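Using numbering that gives the first Met the number 0, you'd call the opening residue of the sequence shown number 0 and step up by one each time.
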Amino acid sequence: MFGFSRGWWVAMLAVVVLSAALPPGAAQTLPIGSPAPPFELPGVDGKVYRLEDFKDAEILVVVFTCNHCPTAQAYEDRIQRLADEYRDRKVALVAISPNDPLALRLDELGYTDVGDSLEDMKIRAKDRKFTFPYLYDGEHQKVSRAYGPVATPHVFVFDRARKLRYVGRVDNSEKPDRVTSRDTQNAIDALLAGKAVPVETTRVFGCSVKWSDKRESVQKSLQTWAKEEVTLRTIDAKGVRDLVKNDGPKLRVVNVWATWCGPCVTELPEFVAMHRMYRRRNFELVTISADSPDEKEHVLKTLTKLQVSATNFLFQGDDKYQLMEAVDEKSTGALPHTLVIAPGGKVLYRKSGPCDPLEVRKAIVGYLGRTYK
């Protein structure tokens with residue numbers, strides 16, 4: 000299984016083959032009073048977790064969540080807080096990602112720096128310092144179908160006998176300062192006190208679960224994007240200096256490359272992916288080719304082959320030192336050269352030579368934000 004962080008484009012090639020033999024959509028959400036379905040799933044820590052591993056817990060909280068969803072990200076701190084506050088009271092919390100990574104379109108990743116593969120989950124868990132088990136069910140989704148989450152996050156609370164006593168939301172607002180009903184916490188407190196849960200079911204809100212039958216949508220999106228027009232204009236040193244000043248309202252990623260630069264061409268698909276991920280937000284990708292002006296046709300052919308339907312320029316002069324000085328006075332001159340520039344010209348990220356796409360995405364999301372405003 001390939002993660003978004005590495006090999007995403009290779010993994011997408013399998014979609015066409017696999018989409019014809021996919022299972023049907025989501026199952027019905029588990030009814031109140033039902034026993035906890037068993038599971039045996041890999042965690043981000045390299046261990047395999049089973050339902051019986053939590054037999055000593057008085058209460059088991061199973062949260063279906065994921066990396067990419069803005070709502071799920073808005074609840075990460077609160078889920079961690081639940082795990083921390085109730086751990087010493089024999090309450091176990093387990094998070095499960097139900098999403099098939101190959102059923103996740105690039106334009107659904109506009110609020111994240113990673114996808115929903117197990118490898119990406121490991122990155123998120125490390126970044127966020129999760130102390131609860133975070134399990135992956137994206138390959139077969141059998142456990143998720145047995146529980147029946149409809150959105151992320153979706154909480155299932157089981158009593159000592161592992162009967163479902165609460166199913167629904169964490170609380171009633173994505174924004175912590177607007178919460179007036181802590182539904183999951185209320186359910187846990189009631190069960191610990193030996194009382195009936197005051198409200199057994201609540202409506203959930205968040206991103207829909209990415210069941211495997213949505214792989215066809217991913218395939219169609221890739222086919223549509225492949226048909227987008229690719230254009231190339233020339234630019235002089237003054238135009239380059241104006242670009243990096245970034246007087247506009249959008250976060251701007253500038254990538255200087257050349258057709259004769261192997262690492263440049265190799266990493267361009269990563270920028271295409273970022274373009275498709277973030278362009279619905281205040282974001283734009285600009286590429287500047289350092290090829291000779293008389294190579295314009297070859298440059299355009301390369302950009303078209305790689306589907307770079309962003310804002311593309313070819314430097315019109317032969318003095319490459321002039322180009323690199325105009326782009327970034329701190330540049331070493333090595334290609335590729337990448338900048339992430341905030342409105343007003345502040346450089347949030349720079350790299351001479353091949354970049355780490357994850358670091359670029361982190362810089363982008365760090366500025367744009369992970370949740371809806």
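Heads up, the beta-carbon is just placed ideally off N, CA and C, and yes, glycines get one too.
The model shown is predicted, which means the values in this text are computed figures rather than measured ones.
Residue i - DSSP class collapsed to helix/strand/coil
i           : result
residue 308 : coil
residue 354 : coil
residue 332 : coil
residue 21  : Bear in mind that the predicted position of residue 21 carries a pLDDT of just 36, short of 50, making it unreliable; the figure below should be weighed with that in mind. In the structure shown, residue 21 sits in coil (DSSP, three-state: anything other than H, G, I, E or B).
residue 58  : strand
residue 31  : coil
residue 41  : strand
residue 178 : coil
residue 103 : coil
residue 348 : strand
residue 258 : coil
residue 70  : helix
residue 337 : strand
The alpha helix (DSSP H) enclosing residue i, as first and last residue numbers
i           : result
residue 417 : Outside the shown range of the chain (0 to 372) lies residue 417, about which nothing can therefore be said.
residue 264 : 261 to 277
residue 287 : Unbroken run through residue 287 is the beta strand (DSSP E), 282 to 288; no alpha helix (DSSP H).
residue 110 : It is not in any alpha helix (DSSP H) - residue 110 carries neither H nor E in the DSSP assignment.
residue 326 : 319 to 326
residue 122 : 117 to 127
residue 149 : Premise fails: residue 149 is in no alpha helix (DSSP H) and is neither H nor E.
Reference residue i; option with closest CA among the options
i           : options               : result
residue 153 : 64, 276 and 245       : 64
residue 354 : 338, 251, 346 and 128 : 338
residue 119 : 99, 77 and 179        : 99
residue 283 : 37, 160 and 307       : 307
residue 267 : 189, 121, 302 and 249 : 302
residue 29  : 193, 83 and 200       : 200
residue 317 : 296, 340, 103 and 290 : 290
residue 40  : 320, 224 and 95       : 95
residue 50  : 103, 157, 261 and 144 : 157
residue 48  : 37, 58, 57 and 56     : 37
residue 251 : 32, 287 and 190       : 287
residue 166 : 329, 33 and 314       : 33
residue 218 : 102, 343 and 350      : 102
residue 332 : 343, 264, 256 and 293 : 256
residue 229 : 299, 42, 67 and 236   : 299
residue 236 : 325, 133 and 87       : 325
residue 231 : 164, 297, 178 and 243 : 297
residue 111 : 142, 66, 77 and 295   : 66
residue 83  : 54, 113, 132 and 117  : 132
Through-space distance from residue j to residue i, alpha-carbon basis
i           : j           : result
residue 352 : residue 323 : 13 Å
residue 213 : residue 205 : 17 Å
residue 285 : residue 272 : 13 Å
residue 182 : residue 171 : 8 Å
residue 327 : residue 123 : 32 Å
residue 238 : residue 185 : 59 Å
residue 280 : residue 345 : 19 Å
residue 319 : residue 221 : 35 Å
residue 360 : residue 92  : 30 Å
residue 161 : residue 175 : 30 Å
residue 70  : residue 208 : 12 Å
residue 241 : residue 109 : 27 Å
residue 367 : residue 115 : 20 Å
residue 203 : residue 168 : 5 Å
residue 369 : residue 336 : 26 Å
residue 223 : residue 274 : 14 Å
residue 150 : residue 349 : 37 Å
residue 197 : residue 137 : 33 Å
residue 270 : residue 260 : 16 Å
residue 365 : residue 340 : 12 Å
residue 246 : residue 343 : 5 Å
residue 227 : residue 73  : 33 Å
residue 211 : residue 134 : 17 Å
residue 313 : residue 262 : 18 Å
residue 191 : residue 140 : 31 Å
Span of the beta strand (DSSP E) around residue i
i           : result
residue 81  : Run containing residue 81: none in the beta strand (DSSP E); it sits in the alpha helix (DSSP H), 75 to 85.
residue 93  : 90 to 96
residue 164 : 163 to 167
residue 49  : 47 to 49
residue 133 : 133 to 135
residue 153 : 153 to 157
Any non-hydrogen atom of the ligand SAM within 7 Å of residue i CB
i           : result
residue 308 : You won't find the ligand SAM in this model; it holds no ligand whatsoever.
Review point. Unbroken alpha helix (DSSP H) runs of length 4 or more, entirely within the region 180 to 255: which are they?
Key: 182 to 191, 214 to 225 and 236 to 244
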